[in-house]
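Undergrad: This structure is in structure tokens; I'll ask about it shortly.
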Amino acid sequence: MPIEKSEFTGLYPCDFYTPAELFEPDRMYTVTEIARLLQGLEPDAAIDEETEEVLLDWAIPWVMTNAEDLVVAEPRTDDEPGYYGLRRPEDLADDGGDGDDDNGTPEGADGTADAAEDASADEQ
């Protein structure tokens, strides 16, 4: 049930860190490490499982909201989590074989790049 604001002794801005404020530019972090950082904790701080679950409830939407400012790395092994980091221009340098089009969308993700290639092949 909603509560009147007047019932609280204080109200505060709902501010969150930006990726640039939270991350070291040359480091990558797991979602659980991001959850700790958002609370001002060290990435490897020991917390109980219940607290970690609550922190993850905040961290996952934060990652999604800030996706434009982040890069993600595929796990190096099958049992490793994904890692996220601050997006820098040099992180996404076009190496010619990344499968992305000019706007960073993987080719074929929305069907347009593949359809254009098919149409071009038909014309030849």
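For the sequence shown, the UniProt record's numbering gives the first residue as 1, with consecutive numbering after it. Where a beta carbon is used, it is the ideal one built from N, C-alpha and C, also for glycine.
(1) Any idea if residue 131 is buried or exposed, counting beta-carbon neighbours within 10 angstroms, 16 or more meaning buried?
(2) May I ask which residues mark the beginning and end of the beta strand (DSSP E) holding Ala73?
(3) Going by DSSP in three states, Leu86 sits in which element: helix, strand or coil?
(4) Between Val71 and Asp91, which are expected to be in contact by the criterion C-beta below 8 Å, what is the C-beta distance as a whole number of angstroms?
(5) My output table needs one value for Met28: the three-state DSSP class, helix, strand or coil.
(6) Are Thr32 and Glu52 touching if we call contact CB-CB under 8 Å?
(7) Applying the criterion that 16 or more other CB atoms from any shown protein chain within 10 Å of the CB defines a buried residue, is Ile34 buried or exposed?
(8) Starting from the Cα of Glu74, find the closest Cα among Thr18, Met28, Tyr17, Phe23 and give me that residue.
(9) Can you round the beta-carbon distance between Leu86 and Pro19 to whole angstroms, since I take them to be within the 8 Å contact cut?
(10) Less than 8 Å between the CB atoms is what I'm expecting for Leu22 and Leu37, so what's the real figure, rounded?
TA: Working from what's here:
(1) In the structure as shown, the chain starts at 1 and stops at 124, and residue 131 therefore has no counterpart that could be examined.
(2) Taking the first residue of the sequence shown as 1, we reach residue 73 at position 73. From DSSP, the beta strand (DSSP E) with Ala73 extends over 70 to 73.
(3) In the sequence shown, residue 86 corresponds to position 86, counting from 1. Looking at Leu86 - three-state DSSP - the assignment turns out to be strand.
(4) To locate residue 71, count along the sequence shown from 1; it is residue 71. To locate residue 91, count along the sequence shown from 1; it is residue 91. Their Cβ separation, rounded to whole angstroms, is 5 Å, which keeps Val71 and Asp91 in contact under 8 Å.
(5) For the purposes of this step, residue 28 is taken as the residue at position 28 of the sequence shown. Met28 falls in the strand class under three-state DSSP.
(6) As a first step, residue 32 is located in the sequence shown; it is residue number 32 there, counting from the start. As a first step, residue 52 is located in the sequence shown; it is residue number 52 there, counting from the start. Contact flag set, yes.
(7) The count along the sequence shown starts at 1 and reaches residue 34 at position 34. Ile34 is buried by the Cβ-count criterion.
(8) In the sequence shown, residue 74 corresponds to position 74, counting from 1. Of the candidates Thr18, Met28, Tyr17, Phe23, the one whose C-alpha sits nearest the C-alpha of Glu74 is Met28.
(9) For the purposes of this step, residue 86 is taken as residue 86 along the sequence shown, with counting starting at 1. For the purposes of this step, residue 19 is taken as residue 19 along the sequence shown, with counting starting at 1. Yes, they are in contact, since the Cβ atoms of Leu86 and Pro19 sit about 5 Å apart, within 8 Å.
(10) Numbered from its first residue, the sequence shown carries residue 22 at position 22. Numbered from its first residue, the sequence shown carries residue 37 at position 37. Yes, Leu22 and Leu37 are in contact; Cβ-Cβ is about 5 Å, under 8 Å.
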